[in-house]
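Single-structure report; data block below.
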DNA sequence: ATTCTCACA
DNA sequence: TGTGAGAA
């Protein structure tokens, strides 16, 4: 016995009523979220149960769930639901970080303008750079940029320079520790993280201002070992590597590059100089 | 006015 | 995660 409200709709009508496209309807069906009835001719028909299901799908979709996640929910697969929710939460938190950073940027920019200060393109670049300071660039990308810079600026000796670097890495002549004490794996060529960590450590120590602390000395030793270990025989090759690498690391136009204060060079040089004078290195 | 598939964002 | 085209 069917209720009198038992109404059936074609794809177009149901789509209109729910503010969907028939295309979307079929995507949901393809993904296993919905199984409309078929007429003998093979045309889809949607009944009350389907409308209800559609409402559920829409709500869940507005919550930001993926179709997969919705499916897991509908099928009551709790284990999958867990991971779905975790993934969704992580995604939302990542979005929030991005937005927070953007807002900070805008607030400081507007403050400057309100104080009658101008805001040049350079200022803006500096702002975004500061906002990105704590972002971790991918060593792989950084390495790719470095190689590109090397080939661009020193096409005739790029291959030789890269061979030197690879050899140094293969020989274990690169620093293999970061300053949180954990091991870094440079065997795959991702030695750039070591430099990033050294730069970061240097900036911390520079702020502390103690050029004779144990931490400063440890850093100086690794910094020194790095330059010695990497140093090719040829001066021109050595200079090419230096120029290309630091140019890459310090390129303000590249959003993925960490920026460091050139003062860091001076600080580390001072530490090394002091250690040499005291015969500690 | 519906079906399906394919390429594309 | 959808969309638009084109054929049936």
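Numbering (this note's numbering), first residue to last: 18 to 298.
Beta carbons: idealized from backbone N, C-alpha and C, even for Gly.
CA-CA distance, residue 174 to residue 223, rounds to 35 Å.
A residue is called buried once 16 or more other Cβ atoms fall within 10 Å of its Cβ, and residue 162 is buried on that count. Annotation for residue 31: the continuous alpha helix (DSSP H) segment containing it runs 28-35. Beyond the five residues adjoining it in sequence on each side, residue 32 comes within less than 7 Å, by CB distance, of 38, 39 and 42 in the same chain, given in chain order. Per DSSP, the unbroken alpha helix (DSSP H) holding residue 246 starts and ends at 231-247.
Linking residue 93 to residue 106 through their CA atoms gives a straight-line distance of about 19 Å. Separation of the CB atoms of residue 50 and residue 91 is rounded to 7 Å, and the pair is thereby assigned contact status at 8 Å. Note that the C-beta distance between residue 55 and residue 47 is not below 8 Å. By the CB criterion at 8 Å, residue 264 and residue 166 fall inside the cutoff. Boundaries cannot be given for residue 174, as no alpha helix (DSSP H) includes it and DSSP labels it neither H nor E. Excluding sequence positions up to five before and after residue 130, its CB lies within less than 8 Å of the CB of 136, all in the same chain and listed in chain order. The beta carbon of residue 284 sits closer than 8 Å to the beta carbons of 219, 222, 223 and 228 from its chain, once the five residues preceding and following it are set aside; these are given in chain order. For residue 136, there is no enclosing alpha helix (DSSP H), as DSSP marks it with neither H nor E. Cβ-Cβ separation between residue 25 and residue 64: approximately 5 Å, consistent with a contact (criterion under 8 Å).
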